[in-house]
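In our numbering, the protein residues as written are 4 to 385.
Worksheet: one structure, shown below.
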Ligand SMILES: [Zn+2]
């Protein structure tokens with residue numbers, strides 16, 4: 004792109020504290036950064052009922068099982084996903100590699116189309132699995148963060164994974180010996196490390212302890228069966244908690260105490276988990292998460308705390324430095340239709356975004372200065 008684009012938007016949610024600004028001008032410069040000013044410019048396109056938002060970030064997904072959706076819906080969670088004989092792992096082994104890559108590429112296209120530009124993927128299958136994810140993400144307009152899972156604890160495999168992956172994502176710390184967890188902690192000391200923890204009640208506290216004390220986890224996933232004391236520890240130590248309440252509900256394992264997570268200000272993010280059984284629609288996750296909080300009787304909360312779980316909190320958890328919709332930030336953001344979604348009429352527009360947002364309202368998706376998806380791209384880019 005050789006010239007700057009000037010967008011006069013009706014509303015903008017900035018990417019630092021998710022404050023709502025009325026009438027903003029977003030100038031996308033040719034270098035792929037934004038200049039933000041309040042009020043409208045006399046030049047550029049007018050987008051009156053349009054809301055600019057930081058891109059969404061799906062903080063926990065397994066992209067591999069998108070190739071065989073809804074298989075084994077009658078099975079229990081262990082029958083489906085336990086390693087190495089769960090149905091999912093048998094399917095991953097028997098599905099041709101090019102079919103896996105093709106289905107993951109389609110999944111990435113879907114994610115971009117709904118405004119998800121950050122994807123933290125739990126990559127099964129050691130080095131081979133990691134290479135499949137990396138190949139599928141080639142030339143896709145999103146930031147891909149593959150979190151690797153070793154198949155053996157050989158130094159060689161761990162070093163290869165470290166070189167090619169963004170970090171570590173273990174199925175559960177209890178699969179490993181303490182000295183193996185310590186080896187991973189030290190080899191990956193400069194990468195992000197985490198694991199599924201307390202998804203089911205069995206061994207929940209043991210998993211929690213091993214993840215924090217031996218793996219030195221930067222984040223844990225699920226925490227469905229953690230109580231007040233453990234959530235307090237996460238908050239005190241600044242460890243990320245990635246929640247997947249729709250997946251937890253589908254698999255029937257319970258739901259996390261999101262009300263406590265919010266009250267304690269745990270650094271929390273949202274993920275959609277297994278793409279084969281849960282539609283990877285982060286908008287649905289936003290609404291569902293708020294419903295769970297309300298079910299616990301907690302009404303007085305700032306909806307920015309929920310929106311943060313799908314936008315800015317994952318950036319902190321995964322140590323991503325980019326900032327969006329701030330002056331000088333990276334020009335990656337989304338434009339949603341505030342009219343068709345009814346959000347421009349909402350008395351609390353951030354609440355409206357959490358409850359009424361959806362892929363069907365996405366008009367344009369910008370990634371690093373380019374409009375990469377949406378009906379508005381032609382109008383904007385002239
Ligand atoms: Zn998972």
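Glycine residues also receive a C-beta, built at the ideal position from the N, C-alpha and C atoms.
(request) Give every residue whose Cβ lies closer than 6 Å to any heavy atom of ligand 1, listed in chain order. (result) Going by the Cβ distance cut-off, the answer is 63, 65, 125, 199, 224 and 276.
(request) Could you say which of 327, 83 and 92 lies nearest to residue 38 if we only look at CA atoms? (result) On the chain shown, residue 38 is found 35 positions in, with the first residue counted as 1. Selected option, being the one with the closest Cα: 327.
(message) Whole angstroms are fine: how far does the CA of residue 355 sit from the CA of residue 345?
(response) Here residue 345 corresponds to residue number 342 of the chain shown, with the count starting at 1. Here residue 355 corresponds to residue number 352 of the chain shown, with the count starting at 1. Each residue's alpha carbon lies about 8 Å from the other.
(message) My parser needs the alpha helix (DSSP H) runs of 4 or more residues fully inside the segment 105-167; what are they?
(response) Along the length of the segment 105-167, whole alpha helix (DSSP H) runs at least 4 residues long occupy 129-140 and 158-167, reported in chain order.
(request) Please classify residue 17: is it buried, with 16 or more other beta-carbons within 10 angstroms of its beta-carbon, or exposed? (result) Reading the chain shown from its first residue, position 14 is the one you call residue 17. Around the CB of residue 17, 16 or more other CB atoms lie within 10 Å, so the residue is classed as buried.
(request) For the segment 34-50 and the segment 64-81, state whether three or more C-beta atom pairs, one from each stretch, are separated by less than 8 Å. (result) Under the 8 Å Cβ criterion, the segment 34-50 does not count as touching the segment 64-81, having fewer than three qualifying pairs.
(request) Taking only the alpha-carbon atoms, compute the straight-line gap between residue 269 and residue 241 and give it to the nearest angstrom. (result) Working through the chain shown from its first residue, we reach residue 269 at position 266. Working through the chain shown from its first residue, we reach residue 241 at position 238. Taking the straight line joining both Cα atoms gives about 7 Å.
(request) Out of 78, 65, 347 and 45, state which residue places its alpha-carbon closest to the alpha-carbon of residue 110. (result) On the chain shown, position 107 is the one that residue 110 refers to. Taking only the C-alpha atoms, the option nearest residue 110 is 65.
(request) Report all residues from its chain with a CB closer than 7 Å to the CB of residue 309; omit the five preceding and five following residues, and keep chain order. (result) Residue numbering aside, residue 309 sits at position 306 when the chain shown is read from its first letter. Around residue 309: 289, 292, 293 and 357.
(request) Provide the residue span of the alpha helix (DSSP H) that contains residue 18, from first to last. (result) To locate residue 18, count along the chain shown from 1; it is residue 15. Where residue 18 is concerned, there is no enclosing alpha helix (DSSP H), given that its DSSP letter is neither H nor E.
(request) Identify, in the order they occur along the chain, each residue of the same chain with its Cβ nearer than 8 Å to the Cβ of residue 247, setting aside the five sequence neighbours on each side. (result) Position 244 of the chain shown holds residue 247. If we look at residue 247 and ignore the five residues flanking it on each side, its Cβ neighbours are 63, 224, 225, 273, 274, 275, 276, 281 and 288.
(message) Out of 283, 174 and 157, which one is the CA nearest neighbour of residue 203?
(response) In the chain shown, counting from the first residue as 1, residue 203 sits at position 200. Considering only 283, 174 and 157, the residue with the shortest C-alpha distance to residue 203 is 174.
(request) Pick helix, strand or coil for residue 320, following the three-state DSSP scheme. (result) By one-based count along the chain shown, residue 320 stands at place 317. Reduced to three states, the DSSP call for residue 320 is helix.
(message) Here's the rule: buried if 16 or more other CB atoms are within 10 angstroms of the residue's CB, otherwise exposed. What is residue 162?
(response) Taking the first residue of the chain shown as 1, we reach residue 162 at position 159. It is exposed - the Cβ of residue 162 has fewer than 16 other Cβ atoms within 10 Å.
(request) In angstroms with no decimal places, state the Cα-to-Cα distance between residue 137 and residue 217. (result) For the purposes of this step, residue 137 is identified with residue 134 of the chain shown, where counting begins at 1. For the purposes of this step, residue 217 is identified with residue 214 of the chain shown, where counting begins at 1. If you take the alpha carbons of residue 137 and residue 217, they lie about 28 Å apart.
(request) Report the partner residues of residue 339 according to the DSSP bridge assignment. (result) Looking up residue 339 in the chain shown gives position 336. As DSSP reads the structure, residue 339 sits in a beta bridge with 54 and 365.
(message) As a quick exercise: from 9, 146, 188 and 50, pick the residue whose alpha carbon is nearest that of residue 115.
(response) On the chain shown, position 112 is the one that residue 115 refers to. Minimum Cα distance to residue 115 is reached at 146.
(request) Alpha carbon to alpha carbon, how far is residue 143 from residue 108? Give it in angstroms, no decimals. (result) Position 105 of the chain shown holds residue 108. Position 140 of the chain shown holds residue 143. Straight through space, the alpha carbons of residue 143 and residue 108 are spaced by roughly 8 Å.
(message) According to DSSP, simplified to helix, strand and coil, what is residue 345?
(response) Indexing the chain shown from 1 puts residue 345 at position 342. Residue state for residue 345 is assigned as coil, using DSSP reduced to three classes.
(message) Quick check: the Cα distance between residue 45 and residue 9, rounded to an integer number of angstroms?
(response) Translated into the one-based positions of the chain shown, residue 45 becomes position 42. Translated into the one-based positions of the chain shown, residue 9 becomes position 6. The alpha-carbon atoms of residue 45 and residue 9 are separated by roughly 10 Å.
(message) By the DSSP assignment, the alpha helix (DSSP H) with residue 265 in it spans what residues?
(response) The residue you call residue 265 lines up with position 262 of the chain shown. Element bounds for residue 265: 261-266.
(request) In the DSSP assignment, find the unbroken beta strand (DSSP E) run with residue 61 in it and report its ends. (result) Counted from its first residue, the chain shown places residue 61 at position 58. First-last of the beta strand (DSSP E) with residue 61: 59-65.
(request) Give a yes or no on whether the C-beta atoms belonging to residue 164 and residue 130 are separated by under 8 Å. (result) Translated into the one-based positions of the chain shown, residue 164 becomes position 161. Translated into the one-based positions of the chain shown, residue 130 becomes position 127. For residue 164 and residue 130, yes; Cβs fall inside 8 Å.
(message) For a minimum of 3 consecutive residues, which ranges assigned as the beta strand (DSSP E) are wholly contained in the segment 231-255?
(response) Secondary structure in the segment 231-255: the beta strand (DSSP E) runs of 3 residues or longer, each lying completely within the stretch, are 243-246 in chain order.
(request) Hey, could you find the ends of the alpha helix (DSSP H) residue 275 is sitting in? (result) Walking along the chain shown from the start, residue 275 turns up at place 272. Premise fails: residue 275 is in no alpha helix (DSSP H) and is neither H nor E.
(message) Using a 10 Å radius around the Cβ and a threshold of 16 neighbouring Cβ atoms, would you call residue 99 buried or exposed?
(response) Taking the chain shown and counting its residues from 1, one reaches residue 99 at position 96. Sixteen is the threshold: since fewer than 16 other Cβ atoms of the shown chains lie within 10 Å of the Cβ of residue 99, the residue is exposed.
(request) Compare the C-alpha of residue 13 against each of 112, 54, 184 and 271 and name the closest. (result) Residue 13 sits at position 10 when you count from the first residue of the chain shown. Checking every option, the nearest Cα to that of residue 13 belongs to 54.
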